[in-house]
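In this text, residue positions in the sequence shown follow this note's numbering: the first is 626, and each later residue adds one. Glycine included, every Cβ here is placed at the ideal spot set by N, Cα and C. Keep in mind the model is a prediction, meaning the values are calculated, not measured. In what follows, a structure is listed as structure tokens, so that the remarks can point back to it.
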Amino acid sequence: MQRHTKEASELKELILADLHKEPGCEHVTDFVIQRLETKENGANWTVKYLDPHQDKVCETILINIARMLQLNFDLPERES
Numbered sequence: 626m627q628r629h630t631k632e633a634s635e636l637k638e639l640i641l642a643d644l645h646k647e648p649g650c651e652h653v654t655d656f657v658i659q660r661l662e663t664k665e666n667g668a669n670w671t672v673k674y675l676d677p678h679q680d681k682v683c684e685t686i687l688i689n690i691a692r693m694l695q696l697n698f699d700l701p702e703r704e705s
């Protein structure tokens, strides 16, 4: 399967679109796309959840959505 590149802002939009479909997660916005120095499970990015007061269910859903997108998308390589 070929991986495509998307900017962090594009990945965040895709994640939010799916996350906001989940009951109780409609207002979640406090997460960032974080570049990884070493790929994890083939991906060069992950999500970092920022809101300690948000329901843990939303955090789990966020992580699961990100994992699905990590199968298809990478962040663009940094310019040296």
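Between Trp670 and Ile688 a beta carbon distance of about 13 Å is seen, past the 8 Å cut, so the two are scored as non-contacting. In the assembly as shown, Leu696 is an exposed residue. Its beta-carbon has fewer than 16 other beta-carbons within 10 Å. For Pro648, the closest C-alpha among the options Val682, His629 and Thr654 is that of Val682. Counting only residues of its own chain and dropping the five nearest sequence neighbours on each side, Glu665 has a CB closer than 8 Å to the CB of Thr671. Considered as a whole, the region 659–700 harbours 681–695 as its complete alpha helix (DSSP H) runs of no fewer than 4 residues, in chain order.
Scanning Glu651, Ile640, Lys631 and Glu702 for the CA closest to the CA of Ile690 turns up Ile640. Under the DSSP definition of a beta bridge, Val657 partners with Lys673.
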